[in-house]
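To keep things clear, I will list the structure first and then write my remarks on it.
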Amino acid sequence: MSNRIEAPQTAGPRRLLLLLLASLLAVAVGASKPAATGGASTERAAFFELCSQGSEWVRFGDYCYWWSGNRSEYWEPAERRCVDQFNGHLASVTSMFEDSFIAKLTYCRSTWLGYYAVNLDLLDQPSNYRWTDRSILTNFVPPHNFSRIPDIHYPLVSAENLQWINRVYHDRHPYVCKVKTPERNRTCDCPNGWQQLNGYCYTMPRFEATYIEADFYCRGRNAFVASLHNNQELRAMSLLDIESRGCPFDTWIGLLKLNPCRVDFSTGKKICYRWSDRSSDYQDFPAWQTGSPSDDQVTNCVLLQDEEIKTVPCHTRARFVCKKKVQLAMRGRQCPAS
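Each number in the working numbering comes from the position in the sequence shown (counting from 1) with 970 added on.
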């Protein structure tokens, strides 16, 4: 018996009508709202292959950024590492878009910034704060509630959930290093509105859809709902839409349940999920959230939430990412002047 991918159950003619309506809806909504990345100002988009420091770094504007992830540190050693190892500093934030970028790079988790108070007895005064890289705030009003600082022992600042929060010296948090980096030669191998990474193009439309609508939208652009095979792709999912404020949100990925499951005879492993682009079976990446996957016959589709995945009904509405291979004719294409 052949394996098939589960989809929402709907009667024949009615299902065809619903699929047609879903396709038209996805195309119509997509046409009315531009894609979030690519073709945008470099001050409002993240780039994944333009940092000389390595693949863990992400470019935004004139700088490259590195997040320590699950590695926490005290503020001073974190700043020292950014200086000594990378010739940079703990991240400064000088615009709303950079603030959104930092939030999505760190999944809105508490993360050290290079912001500190000069005088301990003036913590409620905005003019008392400095950046370690000597950046200056101009027209950007930081999300920093100075009136809620408890006492003089909280002179250091972290970002969390799009807010800046004062911390004590002996707190340990992840941190972001920021380094001024000359831009490497860049080609636009993907269509406008798409971002490139490791030979593939990605886009995150700015509307929510059911999985069927997302699938039709992507296929109409010679793409699939995105499969994820490495940490670079996983991190890129949260950075494809910098302009939308808010922490990373639930995102459809192209992982679907097989019915019935099958057995890989070379390993003896039971295979119950496969990527819709048929790139591979599910290989235990990304990791499941606690409580997923579900064993019922209703939750056949998969959402990415931060760095983990969960099973949900396919009629759930969520953002989504389309992915397709770079076309040979597009390779080496000169980028627009903008």
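Note that CB positions come from ideal geometry on N, CA and C, so glycine has one too.
Counting only residues of its own chain and dropping the five nearest sequence neighbours on each side, Tyr-1145 has a CB closer than 7 Å to the CB of Ser-1038, Glu-1043, Ala-1048, Leu-1060, Thr-1081 and Trp-1082.
Thr-1173 is bridged by DSSP to Cys-1292. DSSP places Trp-1082 in no alpha helix (DSSP H) but in the uninterrupted beta strand (DSSP E) bounded by 1081 to 1087. Contact check for Thr-1221 against Thr-1286 fails: the beta carbons are separated by 8 Å or more. Here Gly-1058 has Cys-1052, Cys-1147, Lys-1148 and Val-1149 as same chain residues with Cβ atoms under 6 Å from its own Cβ, once five neighbours each way along the sequence are excluded. Separation of Asp-1141 and His-1123 (C-alpha to C-alpha, rounded to the nearest whole angstrom) is 11 Å. Remark: C-beta atoms of Pro-1113 and Trp-1134 approach each other more closely than 8 Å. For His-1199, DSSP assigns no beta-bridge partner whatsoever. Classified as exposed, Asn-1109 has fewer than 16 neighbouring CB atoms from the shown chains inside 10 Å of its CB.
For Ser-1070, the enclosing alpha helix (DSSP H) stretches over residues 1066 to 1075. If you look at Asp-1234, you'll find it in the beta strand (DSSP E) that goes 1221 to 1234. Counting other Cβ atoms within 10 Å of its Cβ, Asp-1185 reaches 16 or more and is therefore classed as buried.
Under the three-state reduction of DSSP output, Arg-1029 falls in the strand class. The straight-line gap separating the alpha-carbon atoms of Cys-1292 and Ser-1097 is approximately 44 Å.
Between the segment 1222 to 1234 and the segment 1272 to 1286 there are three or more C-beta pairs closer than 8 Å, enough to call the two in contact.
In this model, Val-1138 and Gln-1297 are separated by some 51 Å (Cα to Cα).
Taking C-beta separations shorter than 7 Å and ignoring five residues to either side along the sequence, the partners of Ala-1193 in its chain run Cys-1292, Lys-1293 and Lys-1294, following chain order.
As the crow flies, the alpha-carbon of Asp-1032 is around 6 Å from that of Thr-1151.
In the structure shown, Asn-1131 falls within a coil segment according to DSSP collapsed to helix, strand and coil.
Of the other Cβ atoms in all chains shown, fewer than 16 fall within 10 Å of the Cβ of Glu-1046; this residue is therefore exposed. For Lys-1280 and Gln-1023, the gap between their C-alpha atoms comes out near 33 Å.
The beta carbon of Asn-1131 lies closer than 7 Å to those of Cys-1078 and Cys-1217 in the same chain, with the five residues before and after it left out. Collapsing the DSSP output to three states places Asn-1098 in a helix.
Taking Cys-1231 as the centre and dropping the five residues before and after it, the same chain places the C-beta of Lys-1240, Ile-1241 and Cys-1242 closer than 7 Å to its C-beta, in chain order. In the DSSP assignment, Arg-1051 falls within the unbroken alpha helix (DSSP H) covering 1045 to 1056.
Secondary-structure assignment with DSSP links Asn-1136 through a beta bridge to Val-1127. When Glu-1153, Asp-1247 and Leu-1198 are compared, the shortest CA-CA separation from Val-1028 is found for Glu-1153.
The C-alpha of Ser-1197 lies about 22 Å from the C-alpha of Asp-1265.
DSSP places Tyr-1252 in no alpha helix (DSSP H); its state is neither H nor E.
Between Ala-1288 and Glu-1178, the CB-CB gap stays under 8 Å. The beta carbon of Phe-1017 sits closer than 8 Å to those of Val-1028, Arg-1029, Phe-1030, Arg-1156 and Gln-1165, all from its chain and outside the five residues before and after it, given in chain order.
Looking only at Tyr-1187, Glu-1026 and Leu-1210, the smallest Cα-Cα distance to Phe-1067 is reached by Leu-1210. Ile-1182 carries a helical assignment under DSSP once its states are collapsed to helix, strand and coil.
Ile-1119 places its beta carbon less than 8 Å from that of Asp-1094.
Look at Cys-1217 here: in three-state DSSP terms it is coil, with no helix or strand label. The three-state secondary structure of Ala-1257, taken from DSSP, is strand.
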